[in-house]
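>
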Amino acid sequence: MQTKAAVLWEANAPWAVETIELDSPKHDEVLVELHASGICHSDEHLVTRDMPFRMPCIGGHEGAGVVREVGAHVSWLKPGDHVVFGFMPSCGRCPSCSTGHQSLCDLGAKLYSGRHISDDGYRHHARGEDISTACLIGSFAHHTVVNEASVIKIDNHYPLDRACLLGCGFVTGWGSAVYAAQVRPGDAVVVAGVGGIGGAAIQGAKLAGAKVIVAIEPVETKKDKVLELGATHVATSWQEAPAVVAEATWDRGADVFICAMGVGDGKLIKKALRMTAKRGTLVVTNIHPATETSIDVNLMDLTLTEKRIIGTLYGSGNPRADIPKLLELSSVGQVDLDIMVSRTYPLEDINDAFDDLRAGTNLRGVLRYPAADAA
Ligand SMILES: [Zn+2]
Ligand SMILES: [Zn+2]
Numbered sequence: 005m006q007t008k009a010a011v012l013w014e015a016n017a018p019w020a021v022e023t024i025e026l027d028s029p030k031h032d033e034v035l036v037e038l039h040a041s042g043i044c045h046s047d048e049h050l051v052t053r054d055m056p057f058r059m060p061c062i063g064g065h066e067g068a069g070v071v072r073e074v075g076a077h078v079s080w081l082k083p084g085d086h087v088v089f090g091f092m093p094s095c096g097r098c099p100s101c102s103t104g105h106q107s108l109c110d111l112g113a114k115l116y117s118g119r120h121i122s123d124d125g126y127r128h129h130a131r132g133e134d135i136s137t138a139c140l141i142g143s144f145a146h147h148t149v150v151n152e153a154s155v156i157k158i159d160n161h162y163p164l165d166r167a168c169l170l171g172c173g174f175v176t177g178w179g180s181a182v183y184a185a186q187v188r189p190g191d192a193v194v195v196a197g198v199g200g201i202g203g204a205a206i207q208g209a210k211l212a213g214a215k216v217i218v219a220i221e222p223v224e225t226k227k228d229k230v231l232e233l234g235a236t237h238v239a240t241s242w243q244e245a246p247a248v249v250a251e252a253t254w255d256r257g258a259d260v261f262i263c264a265m266g267v268g269d270g271k272l273i274k275k276a277l278r279m280t281a282k283r284g285t286l287v288v289t290n291i292h293p294a295t296e297t298s299i300d301v302n303l304m305d306l307t308l309t310e311k312r313i314i315g316t317l318y319g320s321g322n323p324r325a326d327i328p329k330l331l332e333l334s335s336v337g338q339v340d341l342d343i344m345v346s347r348t349y350p351l352e353d354i355n356d357a358f359d360d361l362r363a364g365t366n367l368r369g370v371l372r373y374p375a376a377d378a379a
């Protein structure tokens, strides 16, 4: 079939919205008509090559839609089912999946290749070339074909232009606070960078019972939104943050410090650790450029204060359990997905959406497709 997609043909170029050829789903694959896709900063990492996805590539890994066709070996999905894509596939059988660490599924090794899991082939084609898909998904498109390992079924009554956020950013941010950092009642938490991930981290910290939540967010126009999300204090720069954190924590520092910026910066790890309390946990959620390999940290301080620096992928969550759970929490008002969506755009305006992402003005920009309006 033919459909419309946003293709990146070379690094640091604009997205090209064009008609592509899409093959039918093979044995363990699913054809999905998308309703919406969030725009995550990792898509910008694709543009800048901080993350080395194979090019040309259809971007987008935070999508939701309706199953239209399934391969012969797919027994648990049927046309009409509503699904969210997991940016990390989960096979359910590898050591990580089988011990409750789906965020580290062994199929993740295939992510950068853009090749289909079952046969190392391609289902997307344009201008006579095979096209990769970001995270084996390619949600910047009206339709896509993915492996069943990348699909999480959800109940049909949830709005898909909100559910899409759970494909990456919301689970990542929420899980950074709740699972990776294990925020406890009464904790002091700092969240550096309030976008789709940081906003969800604030919501997770709040629901877990944090007493103090300091947000470091330089875009001043977001301040009201940051407080509405649940932050108790806002610092508008890394220069201002130490005084705000000291004041908010009676000089003890943060029990949990979550780095959720658009692009990580190794030089800030030292500063973040200084704002972290004894026995506190510094969580590195944001992606650093693949070439950044060192940080400057006083290792004696690390020992003498028993601080921990940990990485987390997909919030150390289990998307097959966490996506349905977070949708239920949104139904009862314990998490707010609506507040996360600052602006929606048609696929054709994707380059405007990326300009807004680079300016940092959105919590999340969401591409909304014709199928969402037809629903
Ligand atoms: Zn993402
Ligand atoms: Zn697995």
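Each step along the sequence shown adds one to the number in our numbering, with nothing skipped, and position 253 is 257. Where is the CB? At the ideal position from N, CA and C, for every residue including glycine.
Using only the alpha-carbon positions, how far apart do residue 186 and residue 274 sit?
Taking the straight line joining both Cα atoms gives about 22 Å.
> Is the region 118–127 touching the region 28–44 in the sense that three or more CB pairs, one from each, lie closer than 8 Å?
Touching, yes.
> Where residue 317 and residue 331 are concerned, what is the direct C-alpha to C-alpha distance, given to the nearest angstrom?
Whole-angstrom Cα-Cα distance: 20 Å.
> Excluding five sequence neighbours on each side, which residues of the same chain lie with their C-beta closer than 8 Å to the C-beta of residue 190?
213, 214, 215.
> For residue 116, name the three-state secondary structure that DSSP assigns.
Residue state, collapsed to three classes: helix.
> I'd like to confirm the pairing. Which residues does DSSP put opposite residue 61 in its beta bridges?
Answer is 12, 136.
> Tell me which residues pass a beta-carbon proximity test against ligand 2: closer than 7 Å to any heavy atom, given in chain order.
Chain-ordered list of matching residues: 94, 95, 96, 97, 98, 100, 101, 106, 109, 110, 111.
> Do the region 107–121 and the region 69–86 meet, that is, are 3 or more Cβ pairs less than 8 Å apart?
No: fewer than three Cβ pairs fall under 8 Å.
> May I ask whether a heavy atom of ligand 4 can be found less than 7 Å away from the beta carbon of residue 91?
Ligand 4 is absent from the structure shown, which contains only ligand 1 and ligand 2.
> Apart from the five residues on each side of it in sequence, which residues of its chain come closer than 7 Å, Cβ to Cβ, to residue 47?
The residues are 63, 64, 138.
> State whether the region 302–314 contacts the region 162–177, with contact taken as three or more CB pairs (one from each stretch) at a distance under 8 Å.
Because the criterion of three Cβ pairs below 8 Å is not met, the region 302–314 and the region 162–177 do not touch.
> At a threshold of 7 Å, does residue 61 count as lining ligand 1 (C-beta to nearest heavy atom)?
Flag unset: Cβ of residue 61 not near ligand 1.
> What alpha helix (DSSP H) runs, 4 residues minimum, are completely inside the region 211–247?
Correct list: 227–233.
> Leaving aside the five residues before and after residue 208 along the sequence, list all residues of the same chain whose C-beta is less than 6 Å from its C-beta, in chain order.
Here the set comprises 178, 181, 182.
> When the Cβ atoms of the region 48–58 are set against those of the region 113–122, are three or more pairs found closer than 8 Å?
A contact exists between the region 48–58 and the region 113–122.
> Go to residue 363, then tell me how far its alpha helix (DSSP H) extends in each direction, as first and last residue.
Note, residue 363: alpha helix (DSSP H), 354–363.
> So residue 361 and residue 43 are supposed to be a Cβ contact under 8 Å. How far apart are they, rounded?
At roughly 6 Å, the Cβ-Cβ gap stays under 8 Å, so residue 361 and residue 43 are in contact.
> In angstroms, rounded to a whole number, what distance separates the CA positions of residue 154 and residue 202?
Cα to Cα, the separation comes out at about 24 Å.
> Using three-state DSSP, classify residue 183 as helix, strand or coil.
If DSSP states are grouped into helix, strand and coil, residue 183 belongs with the helices.
> Decide if residue 314 is buried, meaning its Cβ has at least 16 other Cβ atoms within 10 Å, or exposed.
Exposed.
> Using a Cβ-based criterion (distance less than 7 Å to any ligand heavy atom), does residue 48 qualify as near ligand 1?
It does not: the Cβ of residue 48 is nowhere closer than 7 Å to a heavy atom of ligand 1.
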